[in-house]
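Comments concern the structure below.
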Amino acid sequence: MTATETTRVVRLGEVVPDFELETYDPVRDDFGKFSLAEQKRKGRWTILFFYPADFTFV
Amino acid sequence: MGADIVTVSTDTKFVHLAWKKSEKELANVRYQMGADPTGKVARMFGVYDENTGLALRGTFIISPEGKLLNAETNFYNLGRNIDELMRKFKANLYMSRKPNEVCPSKWRDEGDKTLTPSAQLVGKVHEALRS
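This is the structure we're talking about:
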């Protein structure tokens, strides 16, 4: 995604467009992937918890 | 608990790993730590701060169908109350099973008073909450 490309912000009640994130999974102590499409397929609830930066308070 | 929690910052997965392993406060952390170094996902949820390149403290509950049901954002200097997040999640879970009911502000857990909107409830919320 380029800086000039605008992303429309998802509003309450809308279906969130599919996205993926690379992850670190502490349980497996390995890198992994989060996929919203997979959550929808598996019928799982998701809580996204954004925070400014590692090595700060959460 | 019935939900997959994913924490997200604009750090990379490598930094997540290093932080998790060095910070003792994170010893019991079991949730996935998502990396959003381009801010693409943070922008999607309206929590990307273009001035700093960081994500604000945004919390979002997404249903199994992918619908965004709850959004809350704090500025940098205010931490979140996890009890309130759990209350909101439990309420959403309950209402997904009982779509005719709504959870008022004092609802905390299964068994607490809910309301069922109807013509009879109009002007009678006070009485309904105390019945």
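Chains as they are written, first to last, in my numbering: chain A, 1 to 58; chain B, 1001 to 1131. Ideal Cβ positions, reconstructed from N, Cα and C, are used throughout, including at glycine.
| Query | Result |
| --- | --- |
| Residues of the stretch 1030-1043 of chain B with Cβ closer than 7 Å to any Cβ of chain A, in chain order | Arg1030, Gln1032, Met1033, Gly1034, Ala1035, Asp1036, Thr1038, Lys1040, Val1041, Ala1042, Arg1043 |
| Per DSSP, cross-strand counterpart(s) of Leu1019 of chain B | The sequence shown places Trp at residue 1019 of chain B, rather than the Leu named in the question. Partner(s): none; Trp1019 of chain B has no beta bridge. |
| Within chain A, the residues that Gly1046 of chain B reaches when beta carbons sit closer than 7 Å | Val9 |
| Strand pairing of Phe50 of chain A, partner residues [DSSP] | B:Val1008 |
| Beta-carbon proximity check, Lys42 of chain A vs Pro1064 of chain B, cutoff 9 Å | yes |
| Cross-chain neighbours of Arg1057 of chain B in chain A, by beta carbon under 8 Å | Phe50, Tyr51, Pro52 |
| Selection of the stretch 1057-1087 of chain B by Cβ proximity to chain A, strictly under 9 Å | Arg1057, Gly1058, Thr1059, Phe1060, Ile1061, Ile1062, Ser1063, Pro1064, Glu1065, Gly1066, Lys1067, Leu1068, Leu1069, Asn1070, Ala1071, Thr1073, Tyr1076, Gly1079, Arg1080, Leu1085 |
| Contacts around Met1 of chain A, its chain only, beta-carbon distance under 8 Å, and the 5 residues preceding and following it disregarded | Confidence at Met1 of chain A is low in this model, with a pLDDT of 48, below 50, so the placement of that residue should be treated as unreliable; the coordinate-derived value is given next. Excluding sequence neighbours, Met1 of chain A sits near Thr7. |
| C-beta contact flag for Val1041 of chain B and Arg1057 of chain B at 9 Å | no |
| Bounding residues of the beta strand (DSSP E) (the contiguous stretch that carries Glu67 of chain A) | Outside the displayed span of chain A (1 to 58) sits residue 67 of chain A, for which this structure offers no information. |
| Lys1106 of chain B vs Lys1098 of chain B beta-carbon contact at 9 Å | no |
| Phe50 of chain A versus Ala1128 of chain B - alpha carbon distance | 37 Å |
| Where Gly1123 of chain B meets chain A, residues with beta-carbon distance less than 7 Å | What Gly1123 of chain B touches in chain A: nothing, since even the nearest Cβ is about 26 Å away. |
| Closer than 8 Å at the beta carbon, the chain A residues around Ala1003 of chain B | Arg44, Trp45, Thr46, Ile47 |
| Burial state of His1126 of chain B (16 or more Cβ within 10 Å) | exposed |
| Distance, Glu1101 of chain B Cα to Arg1043 of chain B Cα | 33 Å |
| Local Cβ density within 10 Å of Val1122 of chain B, reported as buried at 16 or more and exposed below that | exposed |
| Reference Pro17 of chain A; option with closest CA among A:Lys33, A:Glu38, A:Asp25 | A:Glu38 |
| Contact set between Val1102 of chain B and chain A, taken where Cβ atoms lie within less than 8 Å | Within 8 Å Cβ-Cβ: nothing; Val1102 of chain B doesn't reach chain A, min ~15 Å. |
| 9 Å Cβ cutoff, Asn1051 of chain B in contact with chain A | no |
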